[in-house]
Structures are given as structure tokens and as C-alpha cells.
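A.B. asks:
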Ligand code: TXA
Ligand code: MG
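Numbering (the numbering used here), first residue to last: 5 to 508.
1. If you compare alpha carbons, which of 109, 67, 144 is closest to residue 84?
2. For residue 173, which beta-bridge partners are listed by DSSP?
3. Here's a check: name, in chain order, each residue in its chain whose Cβ is nearer than 6 Å to the Cβ of residue 325, leaving out the five neighbours to either side.
4. Can you round the beta-carbon distance between residue 442 and residue 461 to whole angstroms, since I take them to be within the 8 Å contact cut?
5. Report the rounded CA-to-CA distance for residue 505 versus residue 254, giving the unit in angstroms.
6. According to DSSP, simplified to helix, strand and coil, what is residue 418?
7. Which first and last residues belong to the alpha helix (DSSP H) in which residue 346 is found?
8. Measure the Cβ-Cβ separation of residue 390 and residue 495 and say whether it is below 8 Å.
9. In or out: residue 224 buried (at least 16 other Cβ within 10 Å) or exposed?
10. Identify whether residue 515 lies in helix, strand or coil by the three-state DSSP scheme.
11. Straight-line CA distance for residue 392 to residue 435?
12. Comparing alpha-carbon positions, which option in 466, 464, 447 lies nearest residue 457?
13. Tell me whether residue 50 sits in a helix, a strand or coil according to DSSP, three-state version.
14. Whole angstroms is fine: what's the gap from residue 203's alpha carbon to residue 131's?
15. Relative to the ligand TXA, is the shortest distance from any of its heavy atoms to the C-beta of residue 72 smaller than 7 Å?
16. Spatial neighbours of residue 117 within its chain, please: CB distance less than 7 Å, with the 5 preceding and 5 following residues excluded, ordered by chain position.
17. Beta carbon of residue 185: closer than 7 Å to some heavy atom of the ligand MG?
18. Would you check if the distance between the CB atom of residue 3 and the CB atom of residue 10 is smaller than 8 Å?
19. Which residues mark the beginning and the end of the alpha helix (DSSP H) in which residue 268 is found?
20. With respect to the alpha helix (DSSP H) encompassing residue 468, which residues constitute its N-terminal and C-terminal limits?
21. Can you list the alpha helix (DSSP H) stretches of 4 or more residues lying completely in the segment 71-110, in chain order?
22. Would you mind stating whether residue 40 and residue 171 have Cβ atoms separated by less than 8 Å?
23. Select from 126, 191, 164 the residue whose C-alpha is nearest the C-alpha of residue 86.
24. Using only the alpha-carbon positions, how far apart do residue 337 and residue 267 sit?
25. So, is residue 128 buried or exposed, given that buried needs 16 or more other C-beta atoms within 10 angstroms?
26. For the alpha helix (DSSP H) containing residue 312, name the first residue and the last one.
27. Quick check on the DSSP output: the alpha helix (DSSP H) that includes residue 484 runs from which residue to which?
28. Can you tell which of 344, 135, 256 has its C-alpha closest to the C-alpha of residue 188?
29. Would you check if there are 3 or more beta carbon pairs closer than 8 Å linking the segment 399-409 to the segment 421-432?
30. Return yes when the C-beta of residue 370 is under 7 Å from any heavy atom of the ligand TXA, and no when it is not.
31. DSSP state of residue 283, grouped into three classes?
32. Per DSSP, which residues does residue 277 bridge with? Please list them.
33. Quick check: residue 284 and residue 360, are their CB atoms within less than 8 Å of each other?
34. Say the cut is 7 Å; is the CB of residue 422 nearer than that to a heavy atom of the ligand TXA?
35. Please name the residue, chosen from 299, 432, 252, that lies closest to residue 453 on a Cα-to-Cα basis.
36. For residue 229, which of helix, strand or coil comes out of DSSP?
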């Protein structure tokens with residue numbers, strides 16, 4: 005099969021698009037640009053065409069597809085029950101990079117939704133995507149147009165790299181503006197819950213609509229087993245052949261300095277992903293000193309270091325650098341809750357253990373040591389997008405924090421709010437990136453009780469080299485102060501060694 009590439013033409017001259025739209029309606033697969041990434045499109049109304057999508061991508065059948073529509077008028081036959089919050093969200097963000105999970109219409113093929121009773125729908129803003137929807141006159145299912153396990157495509161060329169000769173049409177609408185896949189929002193949960201982070205953040209939604217949503221990294225409180233997240237999130241994605249490591253600046257460090265620090269200790273020949281400005285600075289610094297340092301290959305984006313620009317170039321950067329066959333790609337990281345989507349994709353591209361964002365502290369009763377550690381950690385780093393929680397191994401449920409623990413924290417200006425002790429569950433350990441116990445015995449207990457979590461459970465002493473942190477329960481305030489100080493150092497150590505120096 006020869007793949008026809010259709011370049012988007014000025015309005016009025018859309019014969020080729022009409023041809024592609026007709027072919028899609030009749031069962032063909034058409035790749036098309038959206039503002040997020042390129043999609044591999046087929047008619048949602050033709051089960052055979054939907055199956056073709058799974059076959060072409062090598063995608064597991066239980067990973068549901070997003071249905072693309074022109075407007076809310078087209079929800080009929082796709083969604084059975086429109087949740088009340090939909091209207092305000094649609095008004096504020098559609099068309100655009102926000103996907104809504106709603107109840108599936110019984111008439112919609114379950115192949116589309118991987119057998120789920122819910123369906124994801126999105127209203128793309130990209131003009132060529134809208135023109136194709138109009139020309140075809142059908143709802144279009146479209147996953148990202150990459151082979152499963154490859155970085156998502158943000159250029160027509162990327163689609164051709166993966167599918168040339170295997171699909172009849174690719175519409176070339178230039179580079180995707182956002183560059184990262186849409187935010188997936190579950191409207192069946194109350195409040196709505198972000199299942200996949202994207203350009204539209206929880207803060208954007210709250211600001212524009214006043215609707216509070218559960219952030220992607222936030223877990224529903226309570227002891228209920230959490231609802232299954234977006235099925236697609238469990239698969240490893242976005243992986244180039246090279247190993248990817250994230251470079252983050254330490255406190256008071258410029259990003260260029262962070263790259264230089266990492267380059268110094270790196271073996272082999274890494275390639276870099278960063279802004280042109282940072283690259284210029286690194287180049288100048290490298291040629292300043294030792295003349296014989298070979299310059300690493302770099303993919304740069306224009307302008308200064310900027311989260312949105314980095315996001316729109318990330319997948320092109322990973323694909324382009326990968327072609328040169330480096331063993332390692334060093335990519336710039338960003339802090340802060342608004343960087344969740346970018347950091348998520350980068351972490352998934354990495355074969356290394358995930359960047360530590362979510363820490364679980366464990367002690368015995370969850371009334372003194374672990375909730376103090378949680379409070380200190382969140383006080384310092386939550387604003388940056390990192391997260392701590394705590395639980396105990398032998399908990400009397402529902403206990404408040406020890407009075408002296410609260411006093412010791414208050415002296416540091418930290419208010420943990422009212423919280424109740426909770427029993428550790430294997431699920432919490434599995435969902436955390438790092439689990440820190442107060443003693444070696446607690447670590448060993450978890451290792452025995454949560455198979456498969458080896459490698460991410462460490463004791464305080466493993467991290468600080470200072471010995472266990474002992475239970476101050478029932479002792480006077482000075483004992484709690486000592487524990488607080490120990491926890492302060494522990495938290496600092498975690499941040500320094502595991503979060504910031506992830507890239508070392
Ligand atoms: O930006 C995007 O969303 C792009 C463009 C082409 O629109 N599409 C895209 O599709 O990223 P895909 O198939 O690569 O990712 C769809 C994500 C997966 O994580 C999938 O598990 C999730 O959406 N999803 C789809 N239907 C769902 C449902 N009913 N419930 C929960 N998650 C769902
Ligand atoms: Mg995808």
C-alpha cells in the first residue's frame with residue numbers, strides 16, 4: 005500500500021481532505037493532526053476499522069480509545085448519560101486538549117472502550133482535525149499514531165516513520181502545538197478526577213469553572229481500594245531506544261549548571277534535550293575550560309527554558325535524538341504541579357526507576373514519627389509538585405496525632421491539620437515511588453509483606469547513615485524535638501539524594 009500524504013491547503017481547496025474523509029467513513033484508517041499529537045483515526049461506527057487500529061498499533065485490546073467529535077451535539081449514540089458537570093467544562097475547554105470520560109452508549113461498540121462501560125470523548129481544536137471530522141461525518145476513534153511503546157507523533161514525519169505503507173492516508177498539518185496528549189478527566193467520579201495529566205491542569209479547571217477536581221497524583225482519601233485509573237497509564241509508553249534521564253537543578257543552581265554537573269560524572273556519550281539558550285551556555289562553558297571536551301549532540305528548542313515549549317518539542321526531541329543512536333538522553337526536567345504532564349511523559353520514557361515524586365513514610369502507630377515526616381516533607385516540597393503520605397504498621401485506626409508531635413511541628417511553623425492515623429495497605433506501598441520506614445525492622449516487615457516492592461523501600465538509616473529513628477511516644481517534648489530534627493535531616497536527604505540527584 006502506498007501512503008498518500010495530504011498537505012493541508014487553504015480553505016476552499018479541500019478535495020483531498022474530502023477524499024480522506026469519505027475513505028474513513030467507509031472503513032479506511034487515516035492519520036491526522038490534532039493540537040496534542042497526531043491521531044490514527046478510524047470510524048467509531050465500524051468494528052472492523054476499530055480492530056484495524058488495534059492491529060496496526062500492536063495495542064492491547066483492553067486499552068480503550070478516545071472518540072473524537074466536532075461538538076457536544078454529536079454525543080448522541082456515543083454517550084448515554086451526560087453528567088451535570090460536563091456543560092461547564094465543555095464551555096470552558098472545548099474544543100481543546102481535554103478528554104471527558106462518561107457513560108458509554110449501549111449502541112457504541114465495546115471494542116472502542118476496551119469492554120468498559122465508560123467512553124472517553126474529545127473535541128479537537130486543530131482545524132485539519134475538524135475538517136476531517138466534518139468531511140467524514142462520523143465519530144472518529146483515534147489513539148496517538150505511534151506504534152505501541154514508541155514516543156507519540158507530533159509531526160506527520162513521525163507517523164510515516166511508524167506507518168508508511170501500512171495506512172492509506174496521512175494528513176500533514178505541521179507540528180502539533182501542545183505536543184503532549186490530552187488531559188483525561190473522569191466525570192463519573194465526584195469530584196471529577198484527572199486520569200492522565202495534560203496541558204489542561206487541575207488548577208486551570210478550578211480557575212475557569214470553579215469545579216474542584218482530584219489531581220492526578222492525589223489519591224482518593226479513605227481506605228477504599230482506588231478505582232482503576234486510565235487503563236493506558238499502566239503500560240510503558242513513549243520509550244525511545246536510548247535510556248532517558250531527567251536533569252533537575254538543585255537549589256540555587258541554573259539548569260545549565262545542572263547539565264554540566266551531570267555531564268561530568270556521566271559515562272558514555274549522552275545526547276541532550278534542552279532549550280537553545282541553556283545549550284548556548286553549556287557550549288560556552290565546555291569550550292571555556294578544557295578544549296578537548298567533545299560536544300554532546302543536542303536537540304534544542306527556541307527561546308529560553310519554558311515548560312510549554314519543552315512539552316511541544318519533547319517527542320520530536322526524543323525521536324530525533326534517538327536516530328543518532330546515543331545510549332543515553334539527558335532531558336531537562338521542570339518543577340511544580342503544572343509540569344505534571346511533561347514530567348509524567350519523561351518519566352515514562354525513562355527505563356530508570358521513576359523519578360521520585362510520591363513518598364510514603366511508615367512508622368508503628370502513625371501518630372508521631374511518620375505523620376511528622378509527612379508534614380515536614382509537604383511543607384517544604386508540595387508546592388514543587390512532590391508529595392508525601394504516611395501510614396503505620398500496627399495502627400489503632402482514627403487516632404489523632406500526639407500532642408507533643410503537634411507542638412514540635414508548631415515550633416517550626418508547620419500545621420499538619422487534623423489527621424487520623426491509618427493502617428498501611430499493600431496498595432499504598434505499590435503506588436508510592438519511595439517508601440521510607442523509621443527502623444530497619446519496619447523495612448524488613450514491608451519487604452516480607454509486599455512482594456515486588458523491593459528496591460523502593462528504604463529505612464531512615466539507609467538514607468542518612470545515622471541509625472533508626474526511635475519512637476518518642478509518651479515522652480516529654482524534648483524527645484519529640486529530637487525526632488523532629490532527625491526527620492528534618494531525613495527529609496532533606498530524600499530530596500537531595502533521590503529527587504534532585506535522580507539525574508546523577
Ligand atoms: O491527545 C490525545 O488524547 C490523543 C489525540 C490523538 O487525541 N489521543 C490519545 O489517545 O492520546 P491514546 O489512545 O494514545 O490514549 C488514550 C488514553 C489512554 O490512556 C486510555 O487508557 C484512556 O485514554 N482512556 C480511553 N478511554 C477511557 C475510559 N473509558 N476510561 C478511562 N480511560 C480511558
Ligand atoms: Mg498513546
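Beta carbons: idealized from backbone N, C-alpha and C, even for Gly.
C.D. replies: Reading off the structure:
1. Working through the chain shown from its first residue, we reach residue 84 at position 80. The shortest C-alpha separation from residue 84 is found at 109.
2. Here residue 173 is taken as the residue at index 169 of the chain shown, counted from 1. Bridge partners of residue 173: 8, 34.
3. If you number the chain shown from 1, residue 325 lands on position 321. Contacts found: 275, 303, 333.
4. What you label residue 442 is simply residue 438 of the chain shown in a count that begins at 1. What you label residue 461 is simply residue 457 of the chain shown in a count that begins at 1. Not really, about 12 Å apart at Cβ, beyond 8 Å.
5. Indexing the chain shown from 1 puts residue 505 at position 501. Indexing the chain shown from 1 puts residue 254 at position 250. Residue confidence for residue 505 is low, a pLDDT of 43 falling below 50, so the modelled location carries little weight; the figure read from the coordinates is stated next. So the alpha carbons of these two residues sit roughly 8 Å apart.
6. Position 414 of the chain shown, counting from 1, holds the residue named residue 418. In this structure, residue 418 counts as coil in the three-state DSSP scheme.
7. As a working mapping, residue 346 is identified with position 342 in the chain shown. Note, residue 346: alpha helix (DSSP H), 344-353.
8. Residue mapping note: residue 390 aligns to position 386 of the chain shown, counting from 1. Residue mapping note: residue 495 aligns to position 491 of the chain shown, counting from 1. Result no, Cβ atoms of residue 390 and residue 495 do not sit closer than 8 Å.
9. Stepping through the chain shown from its first residue, residue 224 is reached at position 220. Here residue 224 scores only 45 on pLDDT, less than 50, and its place in the model should not be relied on; the value that follows carries that caveat. Exposed, since its Cβ has fewer than 16 Cβ neighbours within 10 Å.
10. The structure shown does not extend to residue 515, since the chain is modelled only from 5 through 508, so no value can be given for it.
11. The residue labelled residue 392 in the question sits at position 388 within the chain shown. The residue labelled residue 435 in the question sits at position 431 within the chain shown. Each residue's Cα considered, the two are about 12 Å apart.
12. Here residue 457 is taken as the residue at index 453 of the chain shown, counted from 1. Nearest C-alpha to residue 457: 447.
13. Taking the chain shown and counting its residues from 1, one reaches residue 50 at position 46. Coil at residue 50, not helix or strand.
14. Along the chain shown, read from residue 1 onward, the residue named residue 203 stands at position 199. Along the chain shown, read from residue 1 onward, the residue named residue 131 stands at position 127. The straight-line gap from Cα to Cα measures roughly 19 Å.
15. On the chain shown, residue 72 is found 68 positions in, with the first residue counted as 1. Checking the Cβ of residue 72 against the ligand TXA gives yes.
16. The residue labelled residue 117 in the question sits at position 113 within the chain shown. Once the five neighbours on either side are set aside, the close Cβ partners of residue 117 are 68, 108, 123.
17. Translated into the one-based positions of the chain shown, residue 185 becomes position 181. Checking the Cβ of residue 185 against the ligand MG gives yes.
18. Shown here, the chain extends from 5 to 508; a query on residue 3 therefore has no answer.
19. Locating residue 268 in the chain shown gives position 264, where the first residue counts as 1. Looking at the DSSP string, the run of the alpha helix (DSSP H) that includes residue 268 is 259-269.
20. Here residue 468 refers to the residue found at position 464 when the chain shown is read from its first residue. Taken as a continuous stretch (DSSP letters only), the alpha helix (DSSP H) holding residue 468 covers 464-468.
21. 90-97
22. Translated into the one-based positions of the chain shown, residue 40 becomes position 36. Translated into the one-based positions of the chain shown, residue 171 becomes position 167. No, the pair does not count as a contact, with Cβ atoms beyond the cut-off.
23. In the chain shown, the residue the question calls residue 86 occupies position 82. Measuring from the Cα of residue 86, the nearest candidate turns out to be 191.
24. Here residue 337 refers to the residue found at position 333 when the chain shown is read from its first residue. Here residue 267 refers to the residue found at position 263 when the chain shown is read from its first residue. If you take the alpha carbons of residue 337 and residue 267, they lie about 15 Å apart.
25. Working through the chain shown from its first residue, we reach residue 128 at position 124. So residue 128 ends up on the buried side.
26. Here residue 312 refers to the residue found at position 308 when the chain shown is read from its first residue. Its alpha helix (DSSP H) spans residues 311-327.
27. Along the chain shown, read from residue 1 onward, the residue named residue 484 stands at position 480. Here the alpha helix (DSSP H) through residue 484 covers 481-497.
28. Mapped onto the chain shown, residue 188 falls at position 184. Considering only alpha carbons, the answer is 344.
29. yes
30. The sequence position of residue 370 within the chain shown is 366, counting from 1. No, since every heavy atom of the ligand TXA falls outside the 7 Å radius drawn around the Cβ of residue 370.
31. Against the chain shown, residue 283 aligns to sequence position 279. It is helical.
32. Counting from one through the chain shown, the residue named residue 277 turns up at place 273. Paired residues: 303, 335.
33. Numbered from its first residue, the chain shown carries residue 284 at position 280. Numbered from its first residue, the chain shown carries residue 360 at position 356. Contact flag unset, no.
34. In the chain shown, counting from the first residue as 1, residue 422 sits at position 418. No, the ligand TXA has no heavy atom inside 7 Å of this Cβ.
35. Counting from one through the chain shown, the residue named residue 453 turns up at place 449. Ranking 299, 432, 252 by Cα distance to residue 453 puts 432 first.
36. Taking the first residue of the chain shown as position 1, residue 229 is located at position 225. Confidence at residue 229 is low in this model, with a pLDDT of 36, below 50, so the placement of that residue is unreliable and no value is reported for it.
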